[in-house]
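Q: Dropping a structure here in structure tokens format, bear with me for questions.
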Amino acid sequence: MTFAPLKTVTSKTLVLPAANIDTDQIIPARFLTVTSRDGLGKHAFNDWRYHEDGRETDHILNSDAAKACEILVGGHNFGCGSSREHAPWSLTDYGIRVVISSEIADIFLSNSMKNGLLPIIIEKNAHQWLLDHPGEEITVDLKTCEVRLPKNGGTFGFNIDAFSRHCLMEGVDEMGYLTAQNDAIATYEKKQKARREL
Amino acid sequence: MPQTLFDKVWARHVVVAETAAHPATLYIDLHLIHEVTSPQAFTVLRERGLSVRRPDLTLATIDHSTPTLINKDGSRPFVTEQAGKQVETLLANTEEYGIETHGWESENRGIVHVMGPELGATQPGMTIVCGDSHTSTHGAFGAIAFGIGTTQVGHVLATQCILMRKPKTMAIHVNGTLVDGVTPKDVILHIIAKIGVGGGTGYALEYCGNIFEQMSMDGRMTVCNMSIEAGARCGMIAPDQTTFDYLKDRKFTPEDYDAACVDWASLATDKGAAYDKEVYIKAEDIMTMVTYGTHPGMAMPIAANIPIAADEAEEKALIYMGMTGGAKIAGVKVDRVFIGSCTNSRMEDLRAAADIFRGRTVAAGLTTIVVPGSELVKREAEAEGLHDVFTAAGAQWREPGCSMCIAMNGDKAAPGELVVSTSNRNFAGRQGPGARTVLASPQTAAASAIAGVIMDAGSLV
Ligand code: SF4
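Now the structure itself:
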């Protein structure tokens, strides 16, 4: 999958403060029967956004302000649950480019990076500030690995895997990197075969 | 240097070592695929003109979107046209690329994590991936097994490798004697409640101690299956004679079996090997468990009172579940019971449930479905007459598949209904919009079906 390079994002924040927002909340399983990855944004947080008869609820996610946000701040342990990549697909299609939380589940984190969605884990105090100030305009700078708060409210850094950062900033995906290792893979396979036949 | 089980298996699979600048390139021995998380990966292959590097190390099944009923004319009642199309897409993709597929006509079709071990495709010392987070199940055999996203499914199809940094290791020691009636499901629910739903994030778990050594393979799979519910991508148990006995004479079992067993036995963690973290649990402290909230960490002994909400999120979870902090959970009315899923749909689970159903009747107004994990489990259960026990008690006996674990195939609960379920996730809406899920062992689920309320099998008269 190719995506637009991501260097800095400045946007108001969309805050969903609940802890342990799992991938069944991000996109319920009944929308996983698709065979393409496009157009899932309308089902992002489907059961929060729609009544059973399809009418929209008054959830903040349905507001124009939320739809304009590119930065999502989620409660602790965001993205736990299944390995469905439909979760980041639905978020990026909804318009989100950055997810911030004090803890982000492993598979969701890994899936996000591969789809141009930047997951940022920040320390508790900074996270709390963001939870307490929904809708503030902040800047996420991947070049310096910093989140800048408004009105000179300060900055705080975040850690990100060097390789994933490179891929996100250049908009390259990992497939090219892996296929370039073809020789090493072939050598490994030969050795493994020899070991089995000992 | 002494090494852990995880370290040994990891080291065998490193193609290119990890550095500060890039993750390790890790070779994958077995890639399991199913209809839900693979179609977009095949699309990427086509877009890029790539082929499947090792179709011989790839194994496919259909399980998630598949109906568990068959129409009178033999056709399958798919919940939507799209679900049917998804299954067809998998079958077409695997045919095109020459991947062994256990489709409708296979005697071995089943939930991907039930089928792999049954075929002997799952073996100690392997790296196993699947686009499904409960791939951790296969760790019961001493394999490094974890769920991946669809992009990585594409990577593995094309290169048989994934990019990954080595996780930290955590040993979970459970020693002592289990209280009568406590099952593997109770053990893992206790562990998750103890370390928390995020407690395993960043770690590979190893379950150590006499409790796991004495457990059957079915039980070990139940435990490893739910490692992901503690946030850990994989959980493992050292291979031993129980493992070797299970794998003997299966379809993919190595030819020189004795030599393989000697090699596998060498994988166990060395004396003195260091883990990044260790947790100690006394077996005597583990009780029959059920969940009361909306994630698997909200689990409690069935005999206890429902915990008072500690924060807003727990309060919300209790409201969703219709539970009252401080009240007893035993005795809460149940609308549906689901016995199945890759956590608890093997023979040991079905036998345990049948022992409870035998000679009893499901409570009036309550729907119970029993869904075997695979065609093989279905045949074995029927050979033992278990299906007759279930249907005589008033439960439904269905075709194998994921069914109400994920409710993608139309098997689901109505809004507000309370389901006692042997599956692995009690997230809000997992079993249908507005449905409320209580996770439990097959014994507890069967007892609750009979009683019509949440009930410990030990309290049944
Ligand atoms: S039974 Fe449930 S957890 Fe297991 S593979 Fe199917 S959907 Fe996933």
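Going down the list, the protein sequences come from chains A and B.
According to the working numbering, the stretch in the first sequence is residues 1017 to 1214, in order.
According to the working numbering, the stretch in the second sequence is residues 498 to 958, in order.
All residues carry an ideal CB built from backbone N, CA and C; glycine is no exception.
(1) Cα separation between M712 of chain B and H599 of chain B?
(2) By the 7 angstroms beta-carbon criterion, what residues does the region 565-599 of chain B contribute toward chain A?
(3) Got a sec, what are the start and stop residues for the beta strand (DSSP E) E977 of chain B sits in?
(4) Using beta carbons (cut-off 8 angstroms, strictly below), is K1130 of chain A in contact with chain B?
(5) Is the shortest distance between the beta-carbon of A851 of chain B and the beta-carbons of chain A less than 8 angstroms?
(6) Can you tell me whether D846 of chain B sits near the ligand SF4, meaning its C-beta is under 7 angstroms from at least one heavy atom of the ligand?
(7) Apart from the five residues just before and just after K768 of chain B, which ones in its own chain have a Cβ nearer than 8 angstroms to its Cβ?
(8) Does the distance from the C-beta atom of A880 of chain B to that of V867 of chain B stay below 8 angstroms?
(9) Could you round the C-beta distance between T634 of chain B and C839 of chain B to whole angstroms and report it? I think they count as a contact, below 8 angstroms.
(10) For the pair the region 869-886 of chain B and the region 530-550 of chain B, tell me if three or more CB-CB distances fall below 8 angstroms.
(11) Within 10 Å of its beta-carbon, does R1053 of chain A have 16 or more other beta-carbons around it, so buried, or fewer, so exposed?
(12) Give the interface partners of Q1144 of chain A over in chain B, defined as CB-CB distance under 8 angstroms, in chain order.
(13) So H1102 of chain A and I1043 of chain A are in contact, right, with Cβ under 8 angstroms, and what is the actual spacing, rounded?
(14) For a quick check, are the C-beta atoms of G644 of chain B and S1099 of chain A less than 8 angstroms apart?
(15) Within its chain, find whatever has a CB closer than 6 angstroms to the CB of I625 of chain B; leave out the 5 residues flanking it on each side and keep chain order.
(16) Anyone know if the C-beta pair for V950 of chain B and V859 of chain B falls short of 8 angstroms?
(17) Among the residues of its own chain, which have a CB less than 6 angstroms from the CB of G673 of chain B, if the five just before and after it don't count?
(18) Would a C-beta distance cut-off of 8 angstroms place G1097 of chain A and F924 of chain B closer than the cut-off?
(19) Using a C-beta cutoff of 8 angstroms, does A524 of chain B count as contacting chain A?
(20) Could you check whether the Cβ of D560 of chain B sits closer than 7 angstroms to any heavy atom belonging to the ligand SF4?
(21) In chain A, which residues lie less than 8 angstroms from D908 of chain B when you measure between Cβ atoms?
(22) Cα-Cα, which of A:E1072, A:R1065, A:W1145, A:K1058 is closest to P1104 of chain A?
(23) In this structure, does DSSP put C899 of chain B in helix, strand or coil?
(24) Determine the chain A residues that contact F924 of chain B at a beta-carbon separation under 8 angstroms, and present them in chain order.
(25) How about the region 802-809 of chain B and the region 888-896 of chain B: do they share at least three Cβ pairs that are nearer than 8 angstroms?
(26) Taking the alpha helix (DSSP H) that N1141 of chain A falls in, what are its first and last residues?
(27) Just verifying my parser: in three-state terms, what is the DSSP assignment at Q893 of chain B?
(28) On a Cα-Cα basis, can you pick out the residue from B:Y789, B:G697, B:Q620 that is closest to K745 of chain B?
(29) With a threshold of 8 angstroms between beta carbons, is L1107 of chain A in contact with chain B?
(30) Using a Cβ-Cβ cut-off of 7 angstroms (strictly less than) and excluding sequence neighbours within five positions of T522 of chain B, which residues of its own chain qualify?
(31) Less than 8 angstroms between the C-beta atoms of L915 of chain B and R933 of chain B, yes or no?
(32) On the CB-based measure, 16 or more other CB atoms within 10 Å of its CB, does G546 of chain B come out buried or exposed?
(33) Is the distance from the Cβ of A727 of chain B to the Cβ of I689 of chain B below 8 angstroms?
(34) Find out if the Cβ-Cβ distance for the pair V787 of chain B, A937 of chain B is shorter than 8 angstroms.
(35) Return the CA-CA distance between P751 of chain B and A757 of chain B, expressed in angstroms with no decimal places.
(36) Kindly examine the ligand ATP and report whether one of its heavy atoms sits closer than 7 angstroms to the Cβ of D1038 of chain A.
A: According to the structure data:
(1) CA-CA distance, M712 of chain B to H599 of chain B, rounds to 29 angstroms.
(2) Residues of the region 565-599 of chain B whose Cβ lies closer than 7 angstroms to any Cβ of chain A, in chain order: T577, Q579, A580, K582, Q583, T586.
(3) Residue 977 of chain B is absent from the model: chain B starts at 498 and stops at 958.
(4) Taking a beta-carbon distance threshold of 8 angstroms, K1130 of chain A counts as an interface residue toward chain B.
(5) Answer no: the Cβ-Cβ gap between A851 of chain B and chain A never drops below 8 angstroms.
(6) The closest heavy atom of the ligand SF4 lies 7 angstroms or more from the beta carbon of D846 of chain B.
(7) Excluding sequence positions up to five before and after K768 of chain B, its CB lies within less than 8 angstroms of the CB of P499, all in the same chain and listed in chain order.
(8) Not closer than 8 angstroms, so no.
(9) Confirmed, Cβ separation roughly 6 angstroms.
(10) No, because fewer than three Cβ pairs between the region 869-886 of chain B and the region 530-550 of chain B fall closer than 8 angstroms, the two stretches do not touch.
(11) It counts as buried.
(12) Those do not exist, as Q1144 of chain A stays about 13 angstroms from chain B at its closest Cβ, beyond 8 angstroms.
(13) I1043 of chain A and H1102 of chain A do touch by the CB rule: their CB atoms are close to 5 angstroms apart, below 8 angstroms.
(14) For G644 of chain B and S1099 of chain A, yes; Cβs fall inside 8 angstroms.
(15) A distance below 6 angstroms between beta-carbons, with the five flanking residues on each side excluded, links I625 of chain B to the following residues of its chain, in chain order: L527, H635, A640, A642.
(16) No.
(17) Excluding sequence neighbours, G673 of chain B sits near K779, A780, E781.
(18) Yes, these two residues count as a Cβ contact at 8 angstroms.
(19) For the record, residue 524 of chain B in the displayed sequence is Tyr; it is not Ala. Yes, Y524 of chain B counts as interfacial toward chain A.
(20) Checking the Cβ of D560 of chain B against the ligand SF4 gives yes.
(21) Residues of chain A passing the Cβ test: none, with the nearest at roughly 11 angstroms.
(22) Here the closest residue by C-alpha is A:K1058.
(23) Here C899 of chain B sits in coil by DSSP.
(24) Taking a Cβ-Cβ threshold of 8 angstroms, the residues of chain A close to F924 of chain B are D1038, D1040, Q1041, G1097, in chain order.
(25) No, the region 802-809 of chain B does not touch the region 888-896 of chain B.
(26) Unbroken alpha helix (DSSP H) run through N1141 of chain A: 1140-1148.
(27) Three-state result, Q893 of chain B: strand.
(28) Nearest C-alpha to K745 of chain B: B:Q620.
(29) No, its Cβ sits nowhere closer than 8 angstroms to a Cβ of chain B.
(30) The residues are V512, V513, C658, L660.
(31) Contact annotation: L915 of chain B and R933 of chain B have beta-carbon atoms nearer than 8 angstroms.
(32) G546 of chain B is exposed by the Cβ-count criterion.
(33) A contact, by the Cβ cut-off of 8 angstroms.
(34) The beta carbons of V787 of chain B and A937 of chain B sit closer together than 8 angstroms.
(35) Linking P751 of chain B to A757 of chain B through their CA atoms gives a straight-line distance of about 7 angstroms.
(36) As for the ligand ATP, it is missing from this structure, which binds only the ligand SF4.
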